[in-house]
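Asker: Handing you a structure now.
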Amino acid sequence: MSPTAIILTLGVYLLLLFTVAWLASRGVTQGAFFTGGRGTPRLVAAIAMVGAAMSGVTYISVPGSVAADSFSYLQTTLGFFVGYVVIAYLLIPLYYRLGVVSLYEYLDQRFGLMAHKTGAWMFFISKILSASLRAYVICVVLQGVLYDHYGIPFAANAALMMALVWLYTRRGGVRSVVWVEMLKTILMVGSVAACIIFVINALGLSVGGALSAIAESDYSRILFFDDALDRRYFWKQFIAGIFLVIAMTGLDQDMMQTMLSCRTQRDAQRGMMQSIVIQVVVITLFLALGALLYIYVDGRGVDIERSDDLFGYVATQCGLPLAVGVLFILGLVASTYSSAGSALTALTTSLSLDILDGRKRYDSTTESGARELEHLRRRSHTLVAVIMTLVIILFHQWSTAGAITLIFTMASYTYGPLLGLFSFGLMTRRRVAPRAVPIIALISPLASYVVTRNSEAWLWGYTFSYEILILNAALTMLGLWLCSKRE
Numbered sequence: 050m051s052p053t054a055i056i057l058t059l060g061v062y063l064l065l066l067f068t069v070a071w072l073a074s075r076g077v078t079q080g081a082f083f084t085g086g087r088g089t090p091r092l093v094a095a096i097a098m099v100g101a102a103m104s105g106v107t108y109i110s111v112p113g114s115v116a117a118d119s120f121s122y123l124q125t126t127l128g129f130f131v132g133y134v135v136i137a138y139l140l141i142p143l144y145y146r147l148g149v150v151s152l153y154e155y156l157d158q159r160f161g162l163m164a165h166k167t168g169a170w171m172f173f174i175s176k177i178l179s180a181s182l183r184a185y186v187i188c189v190v191l192q193g194v195l196y197d198h199y200g201i202p203f204a205a206n207a208a209l210m211m212a213l214v215w216l217y218t219r220r221g222g223v224r225s226v227v228w229v230e231m232l233k234t235i236l237m238v239g240s241v242a243a244c245i246i247f248v249i250n251a252l253g254l255s256v257g258g259a260l261s262a263i264a265e266s267d268y269s270r271i272l273f274f275d276d277a278l279d280r281r282y283f284w285k286q287f288i289a290g291i292f293l294v295i296a297m298t299g300l301d302q303d304m305m306q307t308m309l310s311c312r313t314q315r316d317a318q319r320g321m322m323q324s325i326v327i328q329v330v331v332i333t334l335f336l337a338l339g340a341l342l343y344i345y346v347d348g349r350g351v352d353i354e355r356s357d358d359l360f361g362y363v364a365t366q367c368g369l370p371l372a373v374g375v376l377f378i379l380g381l382v383a384s385t386y387s388s389a390g391s392a393l394t395a396l397t398t399s400l401s402l403d404i405l406d407g408r409k410r411y412d413s414t415t416e417s418g419a420r421e422l423e424h425l426r427r428r429s430h431t432l433v434a435v436i437m438t439l440v441i442i443l444f445h446q447w448s449t450a451g452a453i454t455l456i457f458t459m460a461s462y463t464y465g466p467l468l469g470l471f472s473f474g475l476m477t478r479r480r481v482a483p484r485a486v487p488i489i490a491l492i493s494p495l496a497s498y499v500v501t502r503n504s505e506a507w508l509w510g511y512t513f514s515y516e517i518l519i520l521n522a523a524l525t526m527l528g529l530w531l532c533s534k535r536e
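For the sequence shown, our numbering begins at 50 and goes up steadily by one.
This is the structure we're talking about:
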């Protein structure tokens, strides 16, 4: 695929992106930047939520993961479904009842200001790392297929991407993000479905023949019950999926800002459940595409060194029609820009309202208070964009093989204290010593890391997968219990 075709594809998408963002941002008030005006239609929120849950890393890594893990990712997805039920019928009613703008206001009401700040900082660090890693993976792909051709350094690549993300989110905030996420979902799913059709044609198969080829291949195994020590073991993946989605969606300002922009609690709940049904279908499409891509390269004797390179290499350099490469780039940039924009808006909200105490100005009815909040929000928005750019550049020194696994593993450490704090607050009536909260939030991930590094020696050969999150949250709850008293 030529650099000219890539530039044209990028240009068309960016024109579409800024048009949608501009239309969505018209008439946005100061409060609507953070909440979307509480007027998002349920179906729009459900479709946007699919896009919010799937980044460019999903787009690249899930198809490539089929070689090592087959379709075992569906085991985790089944856990996601249970987690979404918990979010829809436990957390969403809580958030609507309290009328929160930032989710971490709950911690203030339950445990006090120190817990509020701790939760906000844990989210801020977690989201900066995970969002920057997602953006970095895509920057690497674009660097290889476009920027290297013109001798443009990686730092300029990252800075340009974040500058464009900053520009399209600076006015509309959550409202722009929701509509751009819906656009992303449509483009990403459409590109994957179209690529599947092109690959099936290249293999000379019918749709039925392709399904048979996938079923007969070594890539199609879904359930793993035979070895409890295997990281793909069903119950490990299923249970971890439940807690991962509760932590990374239900306790994540980035993910929940879409659903909390719905008109009513009932709309948000129904939209949440519609979203997970669509997500299961979309993830199955990604896995099917991965299996077909491996069947395609196996038949041509092509060796793929890194699983994350599979989709991009086959789409742009393996003899498929130009349309496949165009669709790959289109889906890639759509997933990247919307995910980065969503994360930037959520981080701006948390930094402004939670960490820098802008919530007091948000509630202010005076003109000076509103003006101060706007200045604070604009400065925070720019600062977060700069930090994300720097982190992306730092990630350039690291390997991104199996990025989807790296993101979930990283989240297991950083979201564990958040899950522990919310769970302890909802399940008990005990009051925690305020100064103990940040200490516990630091000790729990460190203790979890020590346990997981030595689990094979200490636990008869057991190796941890994503269930690190459960251990981390349990240690946090234990620490909170030891430092609390009955109310």
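C-beta atoms are modelled at their ideal positions from N, C-alpha and C, and glycine is treated no differently.
Have a look at D403 and S533 and give me their C-alpha separation to the nearest angstrom.
Answerer: Position 354 of the sequence shown, counting from 1, holds the residue named residue 403. Position 484 of the sequence shown, counting from 1, holds the residue named residue 533. Answer to the nearest angstrom: the Cα atoms are 24 Å apart.
Asker: Kindly identify the DSSP beta-bridge partner or partners of K534.
Answerer: Here residue 534 refers to the residue found at position 485 of the sequence shown. Partner(s): R480.
Asker: What's the call for T53, buried or exposed, on a 16-neighbour Cβ count within 10 Å?
Answerer: As a working note, residue 53 is residue 4 in the sequence shown. When all chains shown are included, T53 counts as exposed.
Asker: Using only the alpha-carbon positions, how far apart do D197 and I378 sit?
Answerer: Taking the sequence shown and counting its residues from 1, one reaches residue 197 at position 148. Taking the sequence shown and counting its residues from 1, one reaches residue 378 at position 329. Cα to Cα, D197 sits roughly 16 Å from I378.
Asker: Name the two residues that bound the continuous alpha helix (DSSP H) containing D157.
Answerer: Within the sequence shown, numbered from 1, the residue matching residue 157 stands at position 108. Segment 154-160, the alpha helix (DSSP H) holding D157.
Asker: Does DSSP classify T449 as helix, strand or coil?
Answerer: Sequence index remark: in the sequence shown, residue 449 carries index 400 (1-based). Legend: pLDDT at T449 = 47, less than 50; position of this residue unreliable, value from coordinates given subsequently. Here T449 sits in coil by DSSP.
Asker: If you run the structure through DSSP and keep just helix, strand and coil, what is T89?
Answerer: Stepping through the sequence shown from its first residue, residue 89 is reached at position 40. Strand, per DSSP.
Asker: Contact defined as beta carbons within less than 8 Å: I believe I295 pairs with V135. What is the distance between those atoms, to the nearest angstrom?
Answerer: As a working note, residue 295 is residue 246 in the sequence shown. As a working note, residue 135 is residue 86 in the sequence shown. I295 to V135, Cβ: 6 Å. Contact.
Asker: Can you grab the Cα-Cα spacing for the pair A450 / G132, in whole Å?
Answerer: In the sequence shown, the residue the question calls residue 450 occupies position 401. In the sequence shown, the residue the question calls residue 132 occupies position 83. For A450, the pLDDT reaches just 47, beneath the cut-off of 50, and the residue's location in the model is therefore unreliable, leaving the point undetermined.
Asker: Restricting to Cα atoms, I'd like to know which of T512, N521, G528 is closest to R276.
Answerer: Along the sequence shown, one-based indexing puts residue 276 at 227. This sequence places Asp at residue 276; Arg is not what is there. Nearest option by C-alpha distance: T512.
Asker: So, L396 versus F173, is the Cβ gap smaller than 8 Å?
Answerer: The count along the sequence shown starts at 1 and reaches residue 396 at position 347. The count along the sequence shown starts at 1 and reaches residue 173 at position 124. Cβ atoms of L396 and F173: closer than 8 Å.
Asker: Check each candidate in L529, L143, P487, M526 and name the one with the smallest Cα separation from K166.
Answerer: Along the sequence shown, read from residue 1 onward, the residue named residue 166 stands at position 117. Here the closest residue by C-alpha is P487.
Asker: Keeping to the same chain, check which residues put their C-beta closer than 8 Å to that of Y19; ignore five residues upstream and five downstream.
Answerer: Outside the shown range of the chain, which is 50 to 536, sits residue 19, and nothing can be said about it.
Asker: Suppose you measure from the CA of I325 to the CA of F129; what does that come to, to the nearest Å?
Answerer: Residue 325 sits at position 276 when you count from the first residue of the sequence shown. Residue 129 sits at position 80 when you count from the first residue of the sequence shown. One C-alpha to the other measures close to 8 Å.
Asker: When you compare only the Cα positions, how much space is there between L520 and L467?
Answerer: Your numbering for residue 520 matches position 471 in the sequence shown. Your numbering for residue 467 matches position 418 in the sequence shown. Approximately 13 Å between the Cα atoms of the pair.
Asker: Residue range of the alpha helix (DSSP H) that P52 falls in?
Answerer: Reading the sequence shown from its first residue, position 3 is the one you call residue 52. That run of the alpha helix (DSSP H) goes 52-74.
Asker: Rounded to whole angstroms, how far is the Cβ of L495 from the Cβ of G299, which I believe are closer than 8 Å?
Answerer: Counted from its first residue, the sequence shown places residue 495 at position 446. Counted from its first residue, the sequence shown places residue 299 at position 250. That pair is no contact at about 25 Å.
Asker: DSSP state of C188, grouped into three classes?
Answerer: In the sequence shown, counting from the first residue as 1, residue 188 sits at position 139. It is helical.
Asker: With DSSP as the reference, label G311 as helix, strand or coil.
Answerer: Looking up residue 311 in the sequence shown gives position 262. In the sequence under discussion, the amino acid at residue 311 is Cys, which differs from the Gly named in the question. C311 falls in the strand class under three-state DSSP.
Asker: Please state whether the Cβ-Cβ distance between T218 and S225 is less than 8 Å.
Answerer: Locating residue 218 in the sequence shown gives position 169, where the first residue counts as 1. Locating residue 225 in the sequence shown gives position 176, where the first residue counts as 1. Cβ atoms of T218 and S225: closer than 8 Å.
Asker: A259 to S175, Cα distance in whole Å?
Answerer: Within the sequence shown, numbered from 1, the residue matching residue 259 stands at position 210. Within the sequence shown, numbered from 1, the residue matching residue 175 stands at position 126. C-alpha separation (whole angstroms): 40 Å.
Asker: Tell me which same chain residues have a C-beta within less than 6 Å of the C-beta of T4, skipping the five on either side of it?
Answerer: No statement about residue 4 is possible, as the shown extent of the chain runs from 50 to 536 and does not include it.
Asker: Select from A264, S399, V382, R426 the residue whose C-alpha is nearest the C-alpha of E230.
Answerer: Here the question's residue 230 lines up with position 181 in the sequence shown. Selected option, being the one with the closest Cα: V382.
Asker: Can you check whether the CB of V214 is closer than 8 Å to the CB of I109?
Answerer: As a position in the sequence shown, residue 109 is number 60, starting the count at 1. As a position in the sequence shown, residue 214 is number 165, starting the count at 1. No, the pair does not count as a contact, with Cβ atoms beyond the cut-off.
Asker: If I measure Cβ to Cβ from I263 and keep anything under 8 Å in the same chain, skipping five residues before and after, which residues do I get?
Answerer: Against the sequence shown, residue 263 aligns to sequence position 214. Around I263: S269, A337, A340, L341, I344.
Asker: So for L524, helix, strand or coil by DSSP?
Answerer: Here residue 524 corresponds to residue number 475 of the sequence shown, with the count starting at 1. Three-state DSSP puts L524 in a helix.
Asker: Mind checking which residues open and close the alpha helix (DSSP H) that includes A204?
Answerer: Here residue 204 corresponds to residue number 155 of the sequence shown, with the count starting at 1. Counting along the chain, the alpha helix (DSSP H) containing A204 begins and ends at 203-218.
Asker: Exposed or buried, which one is S179 when buried takes at least 16 other CB atoms within 10 Å?
Answerer: Translated into the one-based positions of the sequence shown, residue 179 becomes position 130. It counts as buried.
Asker: Let's test the definition: count the other Cβ atoms within 10 Å of the Cβ of Q124 and tell me whether it reaches 16, buried, or not, exposed.
Answerer: Position 75 of the sequence shown holds residue 124. The residue is buried, with at least 16 neighbouring Cβ atoms inside 10 Å.
Asker: Mark H430 as exposed unless 16 or more other C-beta atoms lie within 10 angstroms of its C-beta, in which case mark it buried.
Answerer: Sequence index remark: in the sequence shown, residue 430 carries index 381 (1-based). Under this definition H430 is a buried residue.
Asker: Would you mind reading off the limits of the alpha helix (DSSP H) that contains I235?
Answerer: Counting from 1 along the sequence shown, the entry for residue 235 is found at position 186. I235 -> alpha helix (DSSP H) spans 223-251.
Asker: Beta-carbon separation of S121 and I353 under 8 Å?
Answerer: Here residue 121 is taken as the residue at index 72 of the sequence shown, counted from 1. Here residue 353 is taken as the residue at index 304 of the sequence shown, counted from 1. Cβ atoms of S121 and I353: not closer than 8 Å.
Asker: Quick check on D406: buried or exposed, where buried means 16 or more other Cβ atoms within 10 Å of its Cβ?
Answerer: Along the sequence shown, read from residue 1 onward, the residue named residue 406 stands at position 357. D406 should be labelled exposed.
Asker: As a quick exercise: from Y62, S151, C188, pick the residue whose alpha carbon is nearest that of G361.
Answerer: In the sequence shown, counting from the first residue as 1, residue 361 sits at position 312. Considering only alpha carbons, the answer is C188.
Asker: Q366: buried (16+ other C-beta within 10 angstroms of its C-beta) or exposed?
Answerer: On the sequence shown, residue 366 is found 317 positions in, with the first residue counted as 1. By the neighbour-count rule (16 or more Cβ atoms within 10 Å), Q366 is not buried but exposed.
Asker: Note down, in chain order, each residue of its chain lying with its Cβ closer than 7 Å to the Cβ of V351, except the 5 sequence neighbours on either side.
Answerer: Counted from its first residue, the sequence shown places residue 351 at position 302. The answer, listed in chain order, is C367.
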